[in-house]
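Peer 1: Following this message is one structure expressed as structure tokens.
In my numbering, the protein residues as written are 274 to 737.
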């Protein structure tokens with residue numbers, strides 16, 4: 274019994290682990306869901322999402338994905354309900370951070386628990402983009418007051434995140450020095466370092482502030498006549514994305530009157546899907562029981578989405594107009610990973626050393642139990658691949674003065690060449706289009722989509 278007990282305990286641990294989130298392949302699940310979305314079969318995508326989330330306790334990712342899928346389907350009310358549930362989850366996270374930041378950091382910074390088995394709290398850019406997407410839902414039905422509330426929450430959330438991350442990165446540096454961990458992501462042999470050091474990644478101020486979110490804030494405040502709040506929004510957008518004429522011109526035009534028969538139209542074109550996260554194994558020399566042991570450890574990498582062709586122009590009433598890119602989820606995701614890598618390396622390395630020492634001791638008395646522990650460790654030590662996959666990748670905009678009435682927007686042939694008929698009837702109006710694969714989804718009552726030959730398009734016909 275003395276020999277068998279540890280073995281049974283270790284094997285039981287492996288069995289129990291088989292039911293936990295460590296064994297869930299989220300990337301594979303959402304790849305299938307997004308394939309259905311890219312072919313225009315939103316109902317099938319929703320069915321897959323529900324099939325993969327049968328438990329009563331839905332997590333944050335479920336609400337993220339469901340909100341975006343319902344938005345594509347045209348059910349803005351259902352989308353907003355799902356995202357409201359997500360926002361409540363994020364709100365609880367904010368409360369825990371504000372209540373006791375040090376306690377939160379101590380819990381999250383635990384070296385003993387792998388990131389993939391933690392409750393998913395969302396990446397910073399996802400939390401901020403959530404309220405931005407909620408604002409777009411409201412603007413699709415011209416609810417500028419509701420959008421203003423969502424935008425205000427976005428700014429408040431950014432402040433919470435900024436304060437937390439400053440403390441987290443400082444704590445991570447102190448812990449790394451204490452543990453004697455000097456490895457940096459640039460030291461990881463075989464790791465795609467260049468993807469984290471790309472100019473568009475390093476050039477971001479941080480991973481969560483979006484020029485699009487702040488420009489949209491400026492537009493909403495301007496539409497509501499709050500020019501003293503619109504100006505800071507435009508300035509912040511220009512700061513986040515310098516040398517962008519659209520952003521600079523917004524400040525110049527802020528005091529210019531709009532003709533009574535003209536409408537100030539912001540066309541938002543969101544395309545593609547957020548990048549996936551994958552796991553890569555990198556060998557690292559670790560000091561275990563006075564010996565240096567080459568140990569393969571898993572770290573996350575970012576895999577960009579390739580479902581949707583890139584484009585930089587759309588047609589408006591037969592004229593080609595240039596789009597201005599204001600947001601890249603791929604760049605934000607990579608910046609988030611770049612900023613998080615010191616903490617990930619620290620936690621992964623300390624955990625591997627601790628388990629290596631423990632396993633060596635078990636092997637000395639019970640090799641079979643040591644084998645079982647080794648198997649469970651190998652399973653658990655994959656990198657966390659969860660992330661909001663249906664979130665649009667690229668957000669581009671064009672701002673126009675149009676006469677009230679019906680207008681036609683044409684998407685390029687690269688994404689199906691669909692034609693979108695839009696009714697302009699407001700002084701200020703936001704029109705949002707979403708391209709995935711060769712599908713075009715138009716949010717709001719004002720849009721009617723006609724697909725070109727060989728393409729499929731879906732018009733949104735419900736409002737919250």
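Heads up, the beta-carbon is just placed ideally off N, CA and C, and yes, glycines get one too.
What residues in its chain sit with their C-beta under 8 Å from that of residue 594, if we drop five residues either side in the sequence?
Peer 2: Counting only Cβ-Cβ distances below 8 Å, and skipping sequence neighbours, we find 586, 587, 588, 671 and 673.
Peer 1: Taking C-beta to C-beta, are residue 402 and residue 423 nearer than 9 Å?
Peer 2: No, Cβ-Cβ distance for residue 402 and residue 423 is not below 9 Å.
Peer 1: If you reduce the DSSP assignment to three classes, tell me which class residue 593 lands in.
Peer 2: In this structure, residue 593 counts as strand in the three-state DSSP scheme.
Peer 1: Could you check whether residue 663 and residue 551 sit closer than 9 Å to each other, using their CB atoms as the reference points?
Peer 2: No.
Peer 1: Name the DSSP bridge partner or partners of residue 535?
Peer 2: Beta-bridge pairing links residue 535 to 676.
Peer 1: Strictly under 9 Å for the Cβ-Cβ distance: is residue 360 near chain D by that measure?
Peer 2: Structure shown: chain D not included; a single protein chain is present.
Peer 1: Using beta-carbon positions only, say whether residue 398 and residue 334 come within less than 9 Å of one another.
Peer 2: No; because the gap between Cβ atoms is not below 9 Å, this pair is not in contact.
Peer 1: Going by C-alpha distance, which of 498, 388, 482 and 331 is nearest residue 571?
Peer 2: Comparing Cα-Cα distances from residue 571 to each of 498, 388, 482 and 331, the minimum goes to 388.
Peer 1: From which residue to which residue does the beta strand (DSSP E) around residue 702 run?
Peer 2: Per DSSP, residue 702 belongs to the beta strand (DSSP E) from 701-709.
Peer 1: What residue range is occupied by the uninterrupted beta strand (DSSP E) comprising residue 475?
Peer 2: Segment 472-475 is the alpha helix (DSSP H) holding residue 475; no beta strand (DSSP E) there.
Peer 1: Alpha carbon to alpha carbon, how far is residue 366 from residue 326?
Peer 2: Answer to the nearest angstrom: the Cα atoms are 22 Å apart.
Peer 1: Helix, strand or coil for residue 361 per DSSP?
Peer 2: Helix at residue 361.
Peer 1: Kindly indicate the opening and closing residues of the beta strand (DSSP E) around residue 571.
Peer 2: Where residue 571 is concerned, the enclosing beta strand (DSSP E) stretches over 564-576.
Peer 1: Is the region 453-464 touching the region 504-517 in the sense that three or more CB pairs, one from each, lie closer than 8 Å?
Peer 2: Verdict: no, contact absent.
Peer 1: Note down, in chain order, each residue of its chain lying with its Cβ closer than 7 Å to the Cβ of residue 503, except the 5 sequence neighbours on either side.
Peer 2: Closer than 7 Å at the Cβ level, and outside the excluded window around residue 503, lie 491, 494, 495 and 527.
Peer 1: What whole-angstrom Cβ distance do residue 611 and residue 469 have, given they're in contact under 8 Å?
Peer 2: Rounded, the Cβ-Cβ distance is 4 Å, consistent with contact.
Peer 1: Taking DSSP as the reference, what is the three-state secondary structure of residue 584?
Peer 2: Residue 584 falls in the coil class under three-state DSSP.
Peer 1: With 16 other CB atoms within 10 Å as the buried threshold, where does residue 591 fall?
Peer 2: So residue 591 ends up on the exposed side.
Peer 1: Are the Cβ atoms of residue 517 and residue 602 separated by less than 9 Å?
Peer 2: No, they are not a contact pair.
Peer 1: For the beta strand (DSSP E) holding residue 666, just list the boundary residues, first then last.
Peer 2: Careful: residue 666 lies outside any beta strand (DSSP E) and carries neither H nor E.
Peer 1: Counting pairs of Cβ atoms below 8 Å between the region 698-715 and the region 303-318, do you hit three or more?
Peer 2: Touching, yes.
Peer 1: Secondary structure at residue 525, three-state DSSP: helix, strand or coil?
Peer 2: Helix at residue 525.
Peer 1: Could you work out which residue in 574, 349 and 297 is closest to residue 466 when comparing CA atoms only?
Peer 2: Of the candidates 574, 349 and 297, the one whose C-alpha sits nearest the C-alpha of residue 466 is 574.
Peer 1: Among 677, 416, 676 and 706, which residue has its Cα nearest to the Cα of residue 688?
Peer 2: Ranking 677, 416, 676 and 706 by Cα distance to residue 688 puts 706 first.
Peer 1: Rounded to a whole number of angstroms, what is the C-alpha to C-alpha distance between residue 577 and residue 546?
Peer 2: In a straight line, the C-alpha of residue 577 is about 8 Å away from that of residue 546.
Peer 1: By the 10 Å Cβ neighbour count, where 16 or more other Cβ atoms means buried, how is residue 275 classified, buried or exposed?
Peer 2: Confidence at residue 275 is low in this model, with a pLDDT of 39, below 50, so the placement of that residue should be treated as unreliable; the coordinate-derived value is given next. Flag for residue 275 reads exposed.
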